[in-house]
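Engineer:
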Amino acid sequence: MICPSCGWDNVPGNEACTHCQHSLTPLDRPKATNRVERSLMEDHVRDLCSNPPTTLRPDATVRQAVDLMLEKNVGAVLVVDQDQKLLGIFSERDLLKKIAGNYALWQNLRIGDFMTAKPASVAAGDTLNFVLHKMDGGGYRHLPVLENGRPQRVVSVRDMMRFIIGMCDDGSRRPSANGRH
Amino acid sequence: MDLARNLKIESVSRLNPTPAWHVAPHQSIAEAVALMRDKKVGCVLVCIDRRVVGIFTERDLTRRVLAPNKPLTAPVAECMTPDPVCVHPKDSIGSAILKMIEGGYRHLPVVNDGKPQGILSVKRIVHYLVEHFPATIHNLPPSPMFLQPKREGA
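Sequences listed follow chains A and B, in order.
For the first sequence, our numbering assigns the number 1 to the initial residue and increments by one for each residue that follows.
For the second sequence, our numbering assigns the number 182 to the initial residue and increments by one for each residue that follows.
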């Protein structure tokens with residue numbers, strides 16, 4: 001690593017130049033090579049148009065959750081406590097895996113007993129590449145967006161795909177980072 | 182790797198769609214559910230003589246079975262989505278993504294000449310997109326502001 005300040009040839013991975021103490025960390029940061037990549041690195045989750053969360057309390061019944069999913073046309077509801085803090089997520093996957101066929105009288109079961117507790121989430125100030133990182137790593141299709149532990153929005157795979165495809169579309173318009181479409 | 186260009190020229194078969202599991206229309210919903218659980222998938226194809234006539238997904242289970250409280254002994258043909266939107270293995274990845282976004286689908290059957298070749302899932306698409314930005318995405322720490330407390334090394 002050649003120090004940009006004094007030209008000293010440093011051992012790769014050094015954090016500061018051994019000759020002049022100039023910081024070398026910026027040299028190793030990934031650089032955006034195109035528009036989409038730059039946007040992923042710089043735009044925040046809060047800039048993306050995503051959906052407001054659909055929430056229920058843990059003592060709600062599975063019947064209520066199913067009805068709410070139908071009404072809001074979503075695949076997952078967030079489970080929150082009385083302070084609106086996130087406790088878990090209850091999704092169509094949970095219905096398939098834990099409920100269908102296992103309980104004849106499933107309607108009155110508490111969703112708190114069947115939800116996925118402590119789901120992966122992102123903060124509103126996180127960048128979009130971090131959202132993709134989580135979605136790809138964990139195979140999640142929905143991530144709650146938290147502010148102070150309270151879900152503010154839900155960012156879905158579809159929001160991310162729409163954003164990236166919109167960026168790739170052509171150079172003239174730049175949709176959805178700030179505006180809605 | 183230019184993503185915009187690759188979306189147009191790369192085909193769905195390049196993504197190696199996952200194998201499709203299928204049931205016959207007369208089989209019960211319970212059998213379809215057991216297959217989806219067993220194989221850890223979100224959808225099964227409904228086929229007659231290896232030809233796709235419908236798809237049964239997690240969403241169909243919620244909407245068409247649990248919501249109207251239909252018994253799981255009913256045949257899957259009653260609550261599947263008939264004639265699902267499909268893609269051809271030679272279709273471009275960009276067009277497959279557009280179909281997913283427009284319809285809100287998580288899975289697209291990959292069909293060649295009526296015969297199912299596999300399932301293209303939205304997870305696979307996310308992985309494909311991520312592959313285009315290895316430095317900006319794969320190298321991220323587990324939490325955004327994570328800093329190594331000490332220098333690593335032997």
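We put the beta carbon where it would ideally sit given N, CA and C, even for glycine.
Looking at the unbroken alpha helix (DSSP H) that takes in GLU212 of chain B, where does it start and where does it end?
Structural biologist: Reading the second sequence from its first residue, position 31 is the one you call residue 212 of chain B. From DSSP, the alpha helix (DSSP H) with GLU212 of chain B extends over 210–220.
Engineer: Use the C-beta contact count for VAL11 of chain A: other C-beta atoms within 10 angstroms, 16 or more gives buried, fewer gives exposed.
Structural biologist: One-based indexing of the first sequence puts residue 11 of chain A at position 11. By the 10 Å Cβ count, VAL11 of chain A comes out exposed.
Engineer: Strictly below 7 Å CB to CB, what residues from chain A border ILE278 of chain B?
Structural biologist: Residue mapping note: residue 278 of chain B aligns to position 97 of the second sequence, counting from 1. Near ILE278 of chain B (Cβ distances below 7 Å), the residues of chain A are MET161, ILE165.
Engineer: Return helix, strand or coil for HIS288 of chain B, following the three-state DSSP convention.
Structural biologist: Taking the first residue of the second sequence as position 1, residue 288 of chain B is located at position 107. If DSSP states are grouped into helix, strand and coil, HIS288 of chain B belongs with the strands.
Engineer: Identify each residue in the stretch 252–273 of chain B for which the Cβ-Cβ distance to at least one residue of chain A is less than 9 Å, and report them in chain order.
Structural biologist: For the stretch 252–273 of chain B, which is checked against every Cβ of chain A, the residues closer than 9 Å are LEU253.
Engineer: Could you confirm whether any beta carbon from chain A is found closer than 8 Å to the beta carbon of THR285 of chain B?
Structural biologist: Working through the second sequence from its first residue, we reach residue 285 of chain B at position 104. Position check: residue 285 of chain B holds Gly in this sequence, whereas Thr was assumed. Yes - at least one Cβ of chain A is within 8 Å of the one on GLY285 of chain B.
Engineer: Just the chain B side, please: which residues come within less than 7 Å of ASP136 of chain A by C-beta, in chain order?
Structural biologist: Locating residue 136 of chain A in the first sequence gives position 136, counting from the first residue. Result: VAL307, HIS308, VAL311.
Engineer: Express the C-alpha separation of SER324 of chain B and ILE190 of chain B in angstroms, rounding to a whole number.
Structural biologist: Here residue 190 of chain B is taken as the residue at index 9 of the second sequence, counted from 1. Here residue 324 of chain B is taken as the residue at index 143 of the second sequence, counted from 1. Approximately 35 Å between the Cα atoms of the pair.
Engineer: Residues in its own chain within less than 8 Å of SER268 of chain A by CB, not counting five upstream and five downstream?
Structural biologist: Past the boundaries of the shown model lies residue 268 of chain A; chain A is included only from 1 to 181, so the question cannot be answered.
Engineer: Leaving out five residues before and five after ASN293 of chain B in sequence, what residues of the same chain have Cβ atoms less than 8 Å from its Cβ?
Structural biologist: If you number the second sequence from 1, residue 293 of chain B lands on position 112. Around ASN293 of chain B: HIS269, PRO270.
Engineer: Using beta carbons (cut-off 8 Å, strictly below), is THR317 of chain B in contact with chain A?
Structural biologist: As a first step, residue 317 of chain B is located in the second sequence; it is residue number 136 there, counting from the start. By this cut-off, THR317 of chain B is an interface position.
Engineer: Write down every uninterrupted run of the alpha helix (DSSP H) in the stretch 31–68 of chain A whose length is 4 residues or greater and which is fully enclosed by it, in chain order.
Structural biologist: Fully enclosed alpha helix (DSSP H) runs of 4 or longer: 35–42.
Engineer: Measure from the alpha carbon of GLN84 of chain A to the alpha carbon of each residue in A:LEU56, A:GLY137, A:ARG110, then state which is nearest.
Structural biologist: The residue labelled residue 84 of chain A in the question sits at position 84 within the first sequence. The option with the nearest alpha carbon to GLN84 of chain A is A:LEU56.
Engineer: Does the stretch 39–58 of chain A come within contact of the stretch 94–102 of chain A, defined as at least 3 CB pairs closer than 8 Å?
Structural biologist: Because the criterion of three Cβ pairs below 8 Å is not met, the stretch 39–58 of chain A and the stretch 94–102 of chain A do not touch.
Engineer: How many Å lie between GLY235 of chain B and PRO297 of chain B at the Cα?
Structural biologist: Translated into positions along the second sequence, residue 235 of chain B becomes position 54. Translated into positions along the second sequence, residue 297 of chain B becomes position 116. Spanning the two alpha carbons is a distance of roughly 11 Å.
Engineer: Can you give the Cα-Cα distance for MET1 of chain A and GLY7 of chain A, rounded to whole angstroms?
Structural biologist: To locate residue 1 of chain A, count along the first sequence from 1; it is residue 1. To locate residue 7 of chain A, count along the first sequence from 1; it is residue 7. Roughly 9 Å separates the two Cα atoms.
Engineer: What does LYS72 of chain A touch in chain B if you count any residue whose Cβ is under 9 Å from its own?
Structural biologist: Here the question's residue 72 of chain A lines up with position 72 in the first sequence. Result: empty, since nearest Cβ-Cβ is about 12 Å, beyond 9 Å.
Engineer: What distance in whole Å lies between the Cβ atoms of LEU24 of chain A and CYS17 of chain A, which are believed to be in contact at a cut-off of 8 Å?
Structural biologist: Sequence index remark: in the first sequence, residue 17 of chain A carries index 17 (1-based). Sequence index remark: in the first sequence, residue 24 of chain A carries index 24 (1-based). Correct: roughly 6 Å between the Cβ atoms.
Engineer: Mind pulling the chain A residues with CB within less than 9 Å of VAL214 of chain B?
Structural biologist: As a working mapping, residue 214 of chain B is identified with position 33 in the second sequence. Within chain A, the residues near VAL214 of chain B are LEU96, ALA100, GLY101.
Engineer: Please state if the CB of ARG93 of chain A and the CB of VAL303 of chain B are separated by a distance shorter than 8 Å.
Structural biologist: Counted from its first residue, the second sequence places residue 303 of chain B at position 122. Counted from its first residue, the first sequence places residue 93 of chain A at position 93. Cβ atoms of VAL303 of chain B and ARG93 of chain A: not closer than 8 Å.
Engineer: Can you name, in chain order, every residue of its own chain whose Cβ lies under 7 Å from the Cβ of VAL77 of chain A, other than the five neighbours on each side?
Structural biologist: For the purposes of this step, residue 77 of chain A is taken as the residue at position 77 of the first sequence. Closer than 7 Å at the Cβ level, and outside the excluded window around VAL77 of chain A, lie THR54, THR55, LEU56, ALA65, LEU68, MET69, PHE90.
Engineer: Counting only Cβ pairs nearer than 7 Å, list the residues of chain B close to CYS168 of chain A.
Structural biologist: As a first step, residue 168 of chain A is located in the first sequence; it is residue number 168 there, counting from the start. In chain order: LEU184, ALA185, LEU188.
Engineer: If the criterion is Cβ atoms closer than 8 Å, does the pair ALA201 of chain B and ILE278 of chain B meet it?
Structural biologist: Numbered from 1 along the second sequence, position 20 holds the residue referred to as residue 201 of chain B. Numbered from 1 along the second sequence, position 97 holds the residue referred to as residue 278 of chain B. Taking 8 Å as the Cβ cut-off, ALA201 of chain B and ILE278 of chain B do not qualify as a contacting pair.
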